[in-house]
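Following the numbering used here, the numbering of the sequence shown begins with 41 at its first residue and continues without gaps.
Beta carbons: idealized from backbone N, C-alpha and C, even for Gly.
Please read all numbers here as calculations on a predicted model, not as lab measurements.
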Amino acid sequence: MNDEEIVELYLARNESAIKHSQEKFGKRIINISKSITGSDLTAEEVENDTYLKAWENIPPTEPRTYLFAFLARIARNLSISICRERSSLKRRAVLVELSDEMEECIPSSLSVEAEAEGNMLMELINDFLFSKDEEKRNIFMRRYWYLDSIKEVAKQFGITESNAKTTLFRLREELREFLEARGINI
Numbered sequence: 041m042n043d044e045e046i047v048e049l050y051l052a053r054n055e056s057a058i059k060h061s062q063e064k065f066g067k068r069i070i071n072i073s074k075s076i077t078g079s080d081l082t083a084e085e086v087e088n089d090t091y092l093k094a095w096e097n098i099p100p101t102e103p104r105t106y107l108f109a110f111l112a113r114i115a116r117n118l119s120i121s122i123c124r125e126r127s128s129l130k131r132r133a134v135l136v137e138l139s140d141e142m143e144e145c146i147p148s149s150l151s152v153e154a155e156a157e158g159n160m161l162m163e164l165i166n167d168f169l170f171s172k173d174e175e176k177r178n179i180f181m182r183r184y185w186y187l188d189s190i191k192e193v194a195k196q197f198g199i200t201e202s203n204a205k206t207t208l209f210r211l212r213e214e215l216r217e218f219l220e221a222r223g224i225n226i
């Protein structure tokens with residue numbers, strides 16, 4: 041069943057939408073959550089909560105062509121919230137490490153003005169990523185969206201950990217330059 045058909049089931053309030061979502065995306069949703077929380081049990085809870093949130097948000101949202109991205113974002117946000125709530129020091133350390141890496145190329149959003157410019161920044165980052173070849177874009181996304189470790193990124197793309205680190209460093213530098221060229225001061 042394709043994404044559009046599953047979304048139609050959600051819109052029709054047909055509970056089989058959840059079953060089809062789980063069949064098609066369940067393992068990937070669990071992997072996203074597990075990479076953030078470090079727990080199989082929590083990842084399963086997040087998967088279930090993801091489908092509940094999707095049920096609550098479809099409609100008004102109709103993610104016909106991006107259902108996985110829609111579900112992945114929900115799962116990611118739920119997982120991060122759980123880490124914050126549980127004060128899981130190990131996972132918080134990973135999130136801090138990732139934040140420190142990205143801090144080099146993305147400005148802080150401590151002010152109201154910066155918060156209002158968040159959508160513009162998101163569009164610029166998307167433009168930057170779409171200017172890169174698919175492998176580099178995917179390496180960046182696996183590290184900074186799915187929160188995969190350097191080791192996991194390297195394994196997934198069949199490269200050395202050193203190569204993964206170098207690629208990510210260069211992408212961060214290029215992103216910083218890209219944003220600065222468009223008036224975003226770091």
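Check	Outcome
Measure from the alpha carbon of Ser-61 to the alpha carbon of each residue in Ser-75, Thr-77 and Trp-95, then state which is nearest.	Trp-95
What distance in whole Å lies between the Cβ atoms of Ser-75 and Asp-188, which are believed to be in contact at a cut-off of 8 Å?	6 Å
Pick helix, strand or coil for Asp-188, following the three-state DSSP scheme.	coil
Using only the alpha-carbon positions, how far apart do Leu-161 and Phe-168 sit?	10 Å
With 16 as the cutoff for other CB atoms within 10 Å, does Glu-87 come out buried or exposed?	buried
Tell me the rounded alpha-carbon separation between Gly-223 and Ser-171.	18 Å
CB-CB under 7 Å to Asp-80, same chain, minus the five flanking residues each way: which ones, in chain order?	Lys-74
To the nearest angstrom, report how far apart Asp-89 and Pro-99 are at their CA atoms.	17 Å
How is Arg-53 classed by DSSP in three states: helix, strand or coil?	coil
Is the distance from the Cβ of Leu-215 to the Cβ of Arg-183 below 7 Å?	no
For a quick check, are the C-beta atoms of Glu-85 and Val-47 less than 7 Å apart?	no
Going by C-alpha distance, which of Asn-97, Asn-71 and Thr-82 is nearest Ile-58?	Asn-97
Going by CA-CA distance only, name the one from Ala-83, Tyr-106 and Lys-67 that's closest to Asp-43.	Tyr-106
May I ask you to report which of helix, strand or coil DSSP gives Ile-120?	helix
Based on Cα-Cα distance, which residue from Leu-92, Arg-104, Ala-112 and Glu-55 lies nearest to Arg-68?	Ala-112
Under three-state DSSP, which class holds Leu-129?	Residue confidence for Leu-129 is low, a pLDDT of 46 falling below 50, so the modelled location carries little weight; the figure read from the coordinates is stated next. Of the three classes helix, strand and coil, the one that applies to Leu-129 here is helix, per DSSP.
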